[in-house]
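Just below is one structure, and these are the notes that go with it.
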Amino acid sequence: MKLAFSIAVRFLKSGKIQTWFIILGIAIGVSVQVFIGSLISGLQKSLVDKTIGNSSQITITVPSGEYMDDYSQIISNLSSNVEGIEVYTPTITARGTLLEGTDTSPVVMRGFTFETANQIYNFEEKITEGRMPNSINEIVLGIGFKESLNIELNDQLTFDVPTIGTTNVIVVGFFDFKVQAINTAWAITTLNTVQTALGVGDVVDSIESQIEDGLIFDAVEIAALVQTQFVNNGEGSPEVSNWIDNNEELLSGLQGQSISSIMIQVFVMISVVLAIASVLAIIVMQKSRQIGILKAMGIQNLDASLIFLFEGLILGLLGAIFGVALGLGLSYSFTTFALKADGTPVVPLFIDPGFIALSAAIAVTAALGASLIPARKSSKLSVIEVIRNA
Amino acid sequence: MPNVMELKEITKIYGTKIQTQVLFGINLAFEEGSFNSIIGQSGSGKSTLLNILGSLDRPTAGDIIINGKNTKSLSSKELSDLRNESIGFIFQFHYLLPEFTALENVLMPYRISKKPITKEVLDYANELLDIVGLTKVKNNLAINMSGGQQQRVAIARSLMNNPKIILADEPTGNLDSDSTEQVYELLRKINHQFGTTFIIITHDRHIAEKADRIVEIKDGRINLDITKANA
Ligand SMILES: Nc1ncnc2c1ncn2[C@@H]1O[C@H](COP(=O)(O)OP(=O)(O)OP(=O)(O)O)[C@@H](O)[C@H]1O
Ligand SMILES: [Mg+2]
Chain F
1 MKLAFSIAVR FLKSGKIQTW FIILGIAIGV SVQVFIGSLI SGLQKSLVDK
51 TIGNSSQITI TVPSGEYMDD YSQIISNLSS NVEGIEVYTP TITARGTLLE
101 GTDTSPVVMR GFTFETANQI YNFEEKITEG RMPNSINEIV LGIGFKESLN
151 IELNDQLTFD VPTIGTTNVI VVGFFDFKVQ AINTAWAITT LNTVQTALGV
201 GDVVDSIESQ IEDGLIFDAV EIAALVQTQF VNNGEGSPEV SNWIDNNEEL
251 LSGLQGQSIS SIMIQVFVMI SVVLAIASVL AIIVMQKSRQ IGILKAMGIQ
301 NLDASLIFLF EGLILGLLGA IFGVALGLGL SYSFTTFALK ADGTPVVPLF
351 IDPGFIALSA AIAVTAALGA SLIPARKSSK LSVIEVIRNA
Chain X
1001 MPNVMELKEI TKIYGTKIQT QVLFGINLAF EEGSFNSIIG QSGSGKSTLL
1051 NILGSLDRPT AGDIIINGKN TKSLSSKELS DLRNESIGFI FQFHYLLPEF
1101 TALENVLMPY RISKKPITKE VLDYANELLD IVGLTKVKNN LAINMSGGQQ
1151 QRVAIARSLM NNPKIILADE PTGNLDSDST EQVYELLRKI NHQFGTTFII
1201 ITHDRHIAEK ADRIVEIKDG RINLDITKAN A
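Here the protein sequences come in this chain order: F and X. Heads up, the first sequence is in my numbering, so the first residue is 1 and it goes up one at a time. Heads up, the second sequence is in my numbering, so the first residue is 1001 and it goes up one at a time.
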């Protein structure tokens, strides 16, 4: 082993340019792998984040017209029995119309408990004008209403819920969710305001929640766990929905991306393997004279083949090390220099040490695999051929 | 003296479609500590014979007995070990490892045996380089040495594992006559000092005549086999 290793090192050193070229080749392959992998998982993460980051990921709802009056009890029960959920927040929604003079606009009036709801929606950050509601009948509107109702801060409006009645509300702020559908439809207020407008007691119609960071793709399983809690309590099962079932298109998009990312990586690796294999095959040819001499001196066939396995291993390791460094450097400069106007990176990257370790391990394995053929050749090489063809 | 090497009815046929028979039933035995030369015309089969003797090539038929062991019964691993321990080769075209220094080349047979390199071993390698007069250039890469120097490194290397037998194929083939003379003096000295058996192919009749025994090969057969009376 030691002998084969030191011969391998000497062979690699004696052809420095050739050696560095192969290492460079492997390094480029690995760096593309690392960069594309980080880029695609970064894209996916930001896409998922944008889509579901500020919304309920598992939602418990009762059929329309029904309410939950023991919601605090349910939440505390779920908190102690279901793992993987970061926060629950109760909410109640009233659909109706907002009236300002002659202008009218349909509205979804959403009552929240801000303490917990903020952890999901980050309302504070989305307020562009005014403040959050803090007492009954204060509402915050999407900025879309400014135009449709032609209103300003502190305007008094009438909120009309069909068949129930009207409530006077005051606009204490505007929010911008960067989503047109929400900006033109939602009004945000306290639980109390909606409960009063609907003429019901301290009840809610749904409980929203957000899953712990690393577990968002386990939403289906967690939702199922939540569902079992209701069966156990004999509560007359509310419906439990999760973001995955509600976002099939997004998910199939993500899956497509993952597959194409894997394909790119597979092809990069194949080309790296082919490159190493062919260069090593040439090296065996170049070194056949030396192998012949070593065999005449009595080197074992196993050691003769180990020389080339070690060459593959050394090339793979160095290539992987330089490749990871290059890939990280590339990723780093991408996030540092390619910036949007607001200073955030154009493409967010997600650097996953596990994935990088995997890429490096694949490169080393590939280099080892590629050296199998030359190693076999070296083992089979006949001394007499070499001696005779001087 | 007992025989260190014996050939029994060795034939060699090259090729499968077009067959060329090169050796025709050769019977030869070499005594321990003897200094033998093999002569013969170009193409007569000398190198073929030597390569078979050294187990680098297999005969078409016949037996080779080295150190009392028939090589037919040995695995390729055992053959490698036998070559490593018992046989030193000196080829016509030096065949050093160009990536290694003179000293490293000399040490290589020992490293192949996988025994640890002790100070004694290193001293011995240096001594061999001293014997062949290369102490000054021992740390030069083989590729940077002259032909004669390379040949002398190859001689030192062939002695490294104290082999019983040294096989040499025209070891002075491309040296000038002074260097040739020096190399033979050296081989003779080693023969006397260590009792090593030498089998040397040469074109040089003058050199051949200095050997204890001359074997002449002609068209794949032994034409002449003279042993000097005083040997
Ligand atoms: N691989 C081979 N295939 C076919 N014929 C071969 C092969 N190797 C050698 N020969 C033939 O065998 C014969 C003997 O060759 P060999 O090399 O043993 O001669 P030699 O006596 O060493 O000659 P020289 O003095 O020129 O070195 C030659 O006719 C040669 O052409
Ligand atoms: Mg010859």
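Yeah, the Cβ is synthetic: ideal placement off N, Cα and C, and Gly gets one too. Since this is a predicted model, take the numbers as computed values, not measurements.
Where residue i falls, given that 16 or more other Cβ within 10 Å makes a residue buried
i, result
"D49 of chain F", "exposed"
"K1164 of chain X", "buried"
"A1231 of chain X", "With a pLDDT of only 48 at A1231 of chain X, under the threshold of 50, the placement of this residue in the model should not be trusted, and no figure is reported."
"M269 of chain F", "buried"
"Q33 of chain F", "buried"
"E1170 of chain X", "buried"
"I314 of chain F", "buried"
"Y1110 of chain X", "buried"
"Q73 of chain F", "exposed"
"E208 of chain F", "buried"
"P133 of chain F", "buried"
"V220 of chain F", "exposed"
"M263 of chain F", "exposed"
"N1139 of chain X", "exposed"
"R1205 of chain X", "exposed"
"Y71 of chain F", "buried"
"Y1095 of chain X", "buried"
"S1080 of chain X", "buried"
"I1010 of chain X", "buried"
"G1045 of chain X", "buried"
"V266 of chain F", "exposed"
"S1158 of chain X", "buried"
"F337 of chain F", "exposed"
Opposing strand residues paired with residue i [DSSP bridges]
i, result
"P1116 of chain X", "Looking at the DSSP assignment, P1116 of chain X forms no beta bridge with any residue, so it has no partner."
"T104 of chain F", "F:L99"
"R1221 of chain X", "X:K1218"
"I351 of chain F", "According to DSSP, I351 of chain F bridges with nothing at all."
"S241 of chain F", "F:T59"
"V1121 of chain X", "V1121 of chain X is not bridged to any residue."
"F21 of chain F", "DSSP, once it has assigned bridges, lists no residue as partnering F21 of chain F."
"Y1014 of chain X", "X:T1020"
"T160 of chain F", "The amino acid occupying residue 160 of chain F in the given sequence is Asp; Thr does not appear at that position. The partner list for D160 of chain F (beta bridge, DSSP) reads F:T97, F:T166."
"F175 of chain F", "F:I127, F:G142"
"R110 of chain F", "F:T93, F:I188"
"T1197 of chain X", "X:I1165"
"E1006 of chain X", "X:A1029, X:I1065"
"F1093 of chain X", "According to DSSP, which records beta bridges pairwise, F1093 of chain X is partnered with nothing at all."
Given residue i as reference, the closest of the options once Cα atoms are compared
i, options, result
"P345 of chain F", "F:L315, F:Y332, F:Q210, F:G201", "F:Y332"
"N192 of chain F", "F:T113, F:A338, F:R95", "F:T113"
"Q1070 of chain X", "X:K1008, X:K1012, X:S1047, X:P1098", "First, the residue type needs correcting, since residue 1070 of chain X is Asn and not Gln in the sequence shown. Checked all of X:K1008, X:K1012, X:S1047, X:P1098; the closest Cα to N1070 of chain X is X:K1008."
"W186 of chain F", "F:P162, F:N77, F:F175", "F:F175"
"S371 of chain F", "F:F21, F:L149, F:S278, F:G354", "F:S278"
"G327 of chain F", "F:D352, F:V194, F:N54, F:S305", "F:D352"
"I36 of chain F", "F:E66, F:G329, F:T59, F:N247", "F:G329"
"I1131 of chain X", "X:S1086, X:V1183, X:L1082", "X:V1183"
"T1180 of chain X", "X:G1147, X:G1062, X:L1159, X:I1066", "X:G1147"
"G256 of chain F", "F:S6, F:S41, F:T19", "F:S41"
"E124 of chain F", "F:T189, F:N154, F:D205", "F:T189"
"L294 of chain F", "F:S378, F:G53, F:I22", "F:S378"
"G201 of chain F", "F:Y67, F:E212, F:A341, F:I75", "F:Y67"
"N1161 of chain X", "X:Q1041, X:H1203, X:I1087", "X:I1087"
"K2 of chain F", "X:N1144, X:K1218, X:S1113", "X:S1113"
"V203 of chain F", "F:N118, F:A94, F:L368, F:A304", "F:A94"
"Q119 of chain F", "F:K146, F:G101, F:S55", "F:S55"
"I143 of chain F", "F:E248, F:T128, F:V383", "F:T128"
"E433 of chain F", "F:Q180, F:S305, F:S206", "Shown here, chain F extends from 1 to 390; a query on residue 433 of chain F therefore has no answer."
Rounded distance between the beta-carbons of residue j and residue i, thought under 8 Å
i, j, result
"A375 of chain F", "F308 of chain F", "4 Å"
"N137 of chain F", "V169 of chain F", "5 Å"
"I1201 of chain X", "S1047 of chain X", "7 Å"
"S1037 of chain X", "A1211 of chain X", "4 Å"
"L1082 of chain X", "I1066 of chain X", "6 Å"
"G111 of chain F", "V172 of chain F", "The pair is not a contact, with the Cβ atoms about 15 Å apart (cut-off 8 Å)."
"A275 of chain F", "V30 of chain F", "Contact flag wrong, Cβ pair sits at about 12 Å."
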